[in-house]
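Trainee: Before I ask anything, here is the structure I am working with.
2 protein chains.
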Amino acid sequence: MPGRKLEAEKELFYEYLRQNGLKKTRQKDLILDTFLGNEGHMSVEDIYALVKKRDRKVGIVTVFRTLKSLNACGIAREINLGDGLTRFEHCYQHPVHHHIICTKCLRVIEFLSPELERVQQGVVSRYRFQPLHQRIQIYGLCEDCRENRAAPTGPQPDTEKIFARDALRMAIAMQRQGCEFYRSAASCNQDPAGREVFESIALEEESHALQLEMELEMMHRYEKGLEEAPVFLHFDSCELQQLIPNLPSDLGDSELRLDARRALEIALQLEKRAAGFFKDYAERFGETEGKRIFERCAEQQMKHFASINRRAEAIAPASA
Amino acid sequence: MPGRKLEAEKELFYEYLRQNGLKKTRQKDLILDTFLGNEGHMSVEDIYALVKKRDRKVGIVTVFRTLKSLNACGIAREINLGDGLTRFEHCYQHPVHHHIICTKCLRVIEFLSPELERVQQGVVSRYRFQPLHQRIQIYGLCEDCRENRAAPTGPQPDTEKIFARDALRMAIAMQRQGCEFYRSAASCNQDPAGREVFESIALEEESHALQLEMELEMMHRYEKGLEEAPVFLHFDSCELQQLIPNLPSDLGDSELRLDARRALEIALQLEKRAAGFFKDYAERFGETEGKRIFERCAEQQMKHFASINRRAEAIAPASA
DNA sequence: GTACGTGCAAAGACTTTGCAATGGC
DNA sequence: GCCATTGCAAAGTCTTTGCACGTAC
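So the sequences go chain by chain: A and B. Using the working numbering, read the first sequence as starting at 1 and increasing by one per residue. Using the working numbering, read the second sequence as starting at 1 and increasing by one per residue.
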């Protein structure tokens with residue numbers, strides 16, 4: 001599985017070479033391999049040192065030139081972490097992100113925050129500015145350095161994996177929240193048929209949540225250290241909360257009475273919103289595993305929507 | 001008035017020199033003057049070119065060294081706008097801010113967004129990271145470049161002035177909102193004494209708003225181009241809206257009936273919140289004119305609070 | 001008079017370019 | 001065989017350092 005991605009990256013590079021009339025060489029291959037085999041934010045010198053270990057005859061100029069190519073074809077991204085060196089990070093199927101940099105141990109935390117993006121979008125739009133790329137870097141001291149502890153040095157899972165994990169976590173949170181909503185709606189509902197509807201949908205949500213949790217479990221098993229890796233995608237649980245429909249509370253809370261049809265309508269509302277929400281999220285990201293998870297969730301919600309809709313139509317055929 | 005700030009900056013530099021056993025020289029003075037006399041984000045070369053016009057014998061090394069000193073004593077701030085040059089911007093009594101950079105015309109828009117700050121703070125705190133400084137830069141195309149217009153070249157007012165303007169604008173918006181609230185509360189209120197209270201407070205707010213507006217007017221008159229300068233401080237009017245108390249709406253909206261005492265209590269609530277709000281804002285910024293405006297507003301709101309409080313006590317002496 | 005300041009030149013750090021030999025295709 | 005590639009050296013860019021002379025205090 002991880003090998004497949006490596007292959008895809010190499011193929012992408014070769015394709016780039018072909019399309020530009022460039023040639024495949026031992027050195028380029030070696031540099032690509034070295035770059036792909038190392039996570040983190042490496043300077044030219046870093047990569048040169050690693051390459052030299054494998055072939056002492058490679059020149060640093062070739063490393064410069066090859067990294068420029070890797071940058072051009074979307075495998076590497078040139079970044080500047082404020083130390084005057086050009087550094088390169090993995091770019092292929094990695095979401096664009098921001099950096100938190102410890103000025104003491106030089107550890108870099110990558111993160112993404114749709115809320116930050118939203119606020120920023122609001123700002124630039126006031127100037128009618130068209131943003132093309134951005135640089136958000138926060139410098140300071142990490143917890144370990146502040147407390148004079150050694151930073152953990154184990155191999156870090158790569159950002160795409162962490163992003164996928166966080167996407168799954170978000171999907172699970174959504175599913176769990178839906179589940180809880182249907183359960184509480186069922187328990188409040190005095191109408192037996194409506195209650196039954198909520199209960200059955202809660203079960204469906206539960207089963208989907210379990211499925212996602214299992215998937216997350218598998219992911220953790222395959223990827224060492226993934227579970228402990230710091231959060232990458234910051235999502236706001238309030239955002240999820242807002243998708244939950246309000247139960248009609250004109251009556252006292254305990255006197256809720258929704259028949260099957262009304263219950264199904266409410267469920268349709270939630271499923272539709274959730275689908276839209278995930279679709280929206282999926283669209284924010286370039287081709288990544290996380291994006292695919294969001295897409296899948298949106299699809300699944302739409303399917304659930306459709307199945308609930310069929311049920312609603314069976315009760316009372318739709319008008320129009 | 002602007003001369004006074006210049007003097008303060010020079011004095012700050014001389015003080016720095018004295019405290020570090022360094023010497024005051026013709027060259028340092030010339031470089032400081034040149035830096036202070038030019039807004040914008042100048043590279044060493046830029047400043048060197050300007051300095052050379054006044055004294056051909058000055059060396060670029062001296063410019064490098066002097067700018068390092070200016071950076072060290074808080075008059076200049078070293079920034080990196082992604083073009084590989086170290087640039088310097090005014091720092092003394094200028095709020096820290098972010099940059100939007102047009103990659104075509106190289107124009108730089110400075111901005112500040114407390115909301116962005118808030119989101120960012122939320123992110124770093126999840127990593128228990130202690131942020132010390134940050135770099136937020138958005139690259140893209142400005143409106144003028146997208147539409148192939150020439151960028152306006154008039155002299156830009158400096159950021160501190162624009163910040164002060166925006167602080168005033170915010171204070172005015174707050175005052176206007178309060179005014180509107182008291183007016184509408186008065187018109188809804190069926191209790192004559194309560195209505196009179198709201199009306200009189202509305203007048204006080206109005207007078208304060210007018211005072212601030214006059215101040216803004218003066219500011220515009222003294223500073224060419226200030227009125228048209230793009231927004232620097234992005235504040236969210238919802239944030240202001242949230243300070244407005246909800247009128248008790250247990251009854252129908254038109255049946256509001258608040259006696260003088262209740263009306264005064266509601267006014268106290270608003271004034272207190274507003275004072276807290278401005279105090280909070282003032283605390284976010286270093287020594288700048290904008291900060292002082294926020295502080296003054298907080299004070300004024302506290303005074304208003306006290307005066308309303310006296311009125312409330314006159315009606316019914318406070319318990320405890 | 002002492003010690004920092006200055007400006008020149010030189011060095012340093014990072015990156016790019018020129019060029020002759022090499023090696024894909 | 002053509003032409004991109006490579007690795008060396010050299011150059012380029014931005015910045016800092018070394019040093020002898022100058023000058024502020």
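No residue lacks a Cβ here, since even glycine has one placed at the ideal position from N, Cα and C.
1. Can you list the residues of chain B that residue 286 (chain A) reaches, using a CB-CB cut of under 9 Å?
2. Residue range of the beta strand (DSSP E) that residue 153 (chain A) falls in?
3. What residues match up with residue 140 (chain A) in a beta bridge as DSSP calls it?
4. So the candidates are A:310, A:180, A:86, A:135; which of them puts its Cα closest to the Cα of residue 240 (chain A)?
5. Can you pull the chain B neighbours of residue 80 (chain A), defined as C-beta to C-beta under 8 Å?
6. Could you check what DSSP says for residue 90 (chain B) in three-state terms: helix, strand or coil?
7. May I have the straight-line CA-CA distance separating residue 149 (chain A) from residue 112 (chain A), to the nearest angstrom?
8. Smallest Cα separation from residue 104 (chain A): which of A:224, A:151, A:171, A:63?
9. Per DSSP, what are the beta-bridge partners of residue 43 (chain B) in this structure?
10. Could you work out which residue in B:264, B:277, B:230 is closest to residue 242 (chain B) when comparing CA atoms only?
11. What are the complete alpha helix (DSSP H) segments, minimum 4 residues, inside the segment 191-222 of chain B?
12. Determine whether the beta carbon atoms of residue 99 (chain A) and residue 116 (chain A) lie at a separation below 8 Å.
13. Would you call the segment 286-301 of chain B in contact with the segment 119-128 of chain B, where contact means no fewer than 3 C-beta pairs closer than 8 Å?
14. Just the Cα atoms here: how many angstroms apart are residue 263 (chain A) and residue 199 (chain A)?
15. Could you check how far apart the C-beta atoms of residue 30 (chain B) and residue 55 (chain B) are, in whole angstroms? I think they sit under 8 Å.
16. Strictly below 8 Å CB to CB, what residues from chain A border residue 109 (chain B)?
17. Would you kindly work out how many angstroms separate the C-alpha atoms of residue 78 (chain A) and residue 43 (chain A), rounded to a whole number?
18. Between the beta-carbon of residue 282 (chain B) and the beta-carbon of residue 295 (chain B), is there less than 8 Å?
19. Can you list, in chain order, the residues of its chain with a C-beta nearer than 8 Å to that of residue 225 (chain B)? Leave out the 5 residues immediately preceding and following it.
20. With 8 Å as the threshold, decide whether the Cβ of residue 230 (chain A) is near any Cβ in chain B.
21. Buried or exposed for residue 315 (chain B), going by 16 or more other Cβ atoms inside 10 Å?
22. Given that a residue counts as buried once 16 or more other Cβ atoms are within 10 Å of its Cβ, and exposed if not, what is residue 66 (chain A)?
23. Quick one: Cα of residue 214 (chain A) to Cα of residue 203 (chain A), how far?
24. For residue 18 (chain A), count the other beta carbons within 10 Å of its own beta carbon; 16 or more makes it buried, fewer makes it exposed. Which is it?
25. Are the C-beta of residue 9 (chain A) and some C-beta of chain B separated by less than 8 Å?
26. Given that a residue counts as buried once 16 or more other Cβ atoms are within 10 Å of its Cβ, and exposed if not, what is residue 195 (chain A)?
27. Would you mind giving the Cβ-Cβ distance between residue 247 (chain B) and residue 185 (chain B), rounded to the nearest angstrom? I have them listed as a contact below 8 Å.
28. At least one CB of chain B closer than 8 Å to the CB of residue 241 (chain A): is that the case?
29. Quick one: does residue 156 (chain A) have its CB under 8 Å from some CB of chain B?
30. With a cut-off of 8 Å, do at least 3 Cβ pairs link the segment 160-177 of chain B to the segment 229-236 of chain B?
31. Count the other CB atoms, across all protein chains shown, that sit within 10 Å of the CB of residue 222 (chain A); report buried if there are 16 or more and exposed otherwise.
32. Within the continuous alpha helix (DSSP H) that includes residue 35 (chain A), where are the two ends?
33. Which whole-angstrom value describes the C-beta separation of residue 60 (chain B) and residue 13 (chain B), a residue pair presumed to lie in contact below a C-beta threshold of 8 Å?
34. Kindly list, in the order they appear in chain A, the residues whose Cβ is closer than 7 Å to that of residue 124 (chain B).
35. For a contact meaning CB atoms closer than 8 Å, what does residue 116 (chain B) contact in chain A?
36. Is residue 209 (chain B) near residue 172 (chain B), with beta carbons less than 8 Å apart?
Mentor: For this structure:
1. Within 9 Å Cβ-Cβ: nothing; residue 286 (chain A) doesn't reach chain B, min ~18 Å.
2. Per DSSP, residue 153 (chain A) lies in no beta strand (DSSP E) and is assigned neither H nor E.
3. In the DSSP output, where bridge partners are listed per residue, residue 140 (chain A) has A:102, B:131.
4. Nearest in C-alpha terms to residue 240 (chain A), of all of A:310, A:180, A:86, A:135, is A:180.
5. Going along chain B in sequence order, the residues near residue 80 (chain A) (Cβ under 8 Å) are 80, 82.
6. If DSSP states are grouped into helix, strand and coil, residue 90 (chain B) belongs with the strands.
7. Each residue's alpha carbon lies about 26 Å from the other.
8. When only C-alpha atoms are compared, the closest one is A:151.
9. In the DSSP output, where bridge partners are listed per residue, residue 43 (chain B) has B:87.
10. Looking at the Cα atoms, B:277 is the closest of the given residues.
11. The DSSP assignment places 192-222 as complete runs of the alpha helix (DSSP H) inside the segment 191-222 of chain B, in order along the chain (cut-off: 4 residues).
12. No, the Cβ-Cβ distance between residue 99 (chain A) and residue 116 (chain A) is not below 8 Å.
13. Fewer than three Cβ pairs drawn from the segment 286-301 of chain B and the segment 119-128 of chain B lie within less than 8 Å of each other, which leaves the two stretches out of contact.
14. In this model, residue 263 (chain A) and residue 199 (chain A) are separated by some 10 Å (Cα to Cα).
15. 6 Å between Cβ atoms; contact.
16. Here the neighbours are 127, 129.
17. C-alpha separation (whole angstroms): 9 Å.
18. Judged by their CB atoms, residue 282 (chain B) and residue 295 (chain B) are nearer to each other than the 8 Å cut-off.
19. Contacts found: 154, 155, 156, 157.
20. Yes, because at least one Cβ of chain B sits closer than 8 Å to the Cβ of residue 230 (chain A).
21. Around the CB of residue 315 (chain B), fewer than 16 other CB atoms lie within 10 Å, so the residue is classed as exposed.
22. Under this definition residue 66 (chain A) is a buried residue.
23. Straight-line Cα distance between these residues: approximately 16 Å.
24. That one is exposed.
25. Not one beta carbon of chain B lies nearer than 8 Å to the beta carbon of residue 9 (chain A).
26. Classification for residue 195 (chain A): buried.
27. The C-beta distance from residue 247 (chain B) to residue 185 (chain B) rounds to 6 Å, short enough to meet the 8 Å contact threshold.
28. For residue 241 (chain A), the answer is no, since every Cβ of chain B falls outside 8 Å of its Cβ.
29. Among the CB atoms of chain B, none fall inside 8 Å of the CB of residue 156 (chain A).
30. Three or more beta-carbon pairs drawn from the segment 160-177 of chain B and the segment 229-236 of chain B are found closer than 8 Å, and the two stretches are therefore classed as touching.
31. When all chains shown are included, residue 222 (chain A) counts as exposed.
32. Per DSSP, the continuous alpha helix (DSSP H) segment holding residue 35 (chain A) begins and ends at 26-36.
33. About 20 Å; that fails the 8 Å criterion.
34. The contacting residues are 100, 138.
35. Correct list: 116, 119, 120, 123.
36. Contact flag set, yes.
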